[in-house]
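Residue numbers (the numbering used here): 98 to 215.
Okay, structure coming up:
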């Protein structure tokens, strides 16, 4: 399921995102992927679902700071169950195109998608 939700530039999901994400997981969603805040938000496993609250901007006009941090989320399934996931950190370059993140940027990005908000 893909959702357009959340408050722009907020690094943590808001109460509505948390409630809707939980409700979708309880209703049987296995992957809930979100966008709109223009920054990364945590990727968590809750109620049997993988929830990526916001993957940031993957292709966008030139950005800097948190709005340039992004990545590729790979979700692996066995039948209809999530079997794991990987997140590959990227940063938007001067043209607004994604490029693999440096080690320093990857550490910052990994912190942004970790479950530090709850």
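C-beta: ideal position from N, C-alpha, C; glycine also.
Nearest C-alpha to residue 133 among 106, 179 and 184: 106.
Shown here, residue 163 sits in a helix according to DSSP, grouped into three states.
Under the 8 Å Cβ criterion, the stretch 190-210 counts as touching the stretch 149-169, having at least three qualifying pairs. In this structure residue 186 is not in contact with residue 212, their Cβ atoms being roughly 16 Å apart against a cut-off of 8 Å. Only residues of its own chain outside the window of five on either side were considered, and among them 186 have a CB closer than 8 Å to the CB of residue 203, listed in chain order. Residue burial is scored here from C-beta neighbours: residue 169 has fewer than 16 other C-beta atoms within 10 angstroms and is therefore classed as exposed. Taking a C-beta distance under 7 Å as the contact criterion, residue 114 and residue 135 do not qualify as a contact pair. Boundaries of the alpha helix (DSSP H) harbouring residue 202: 200-210, taken from the DSSP string.
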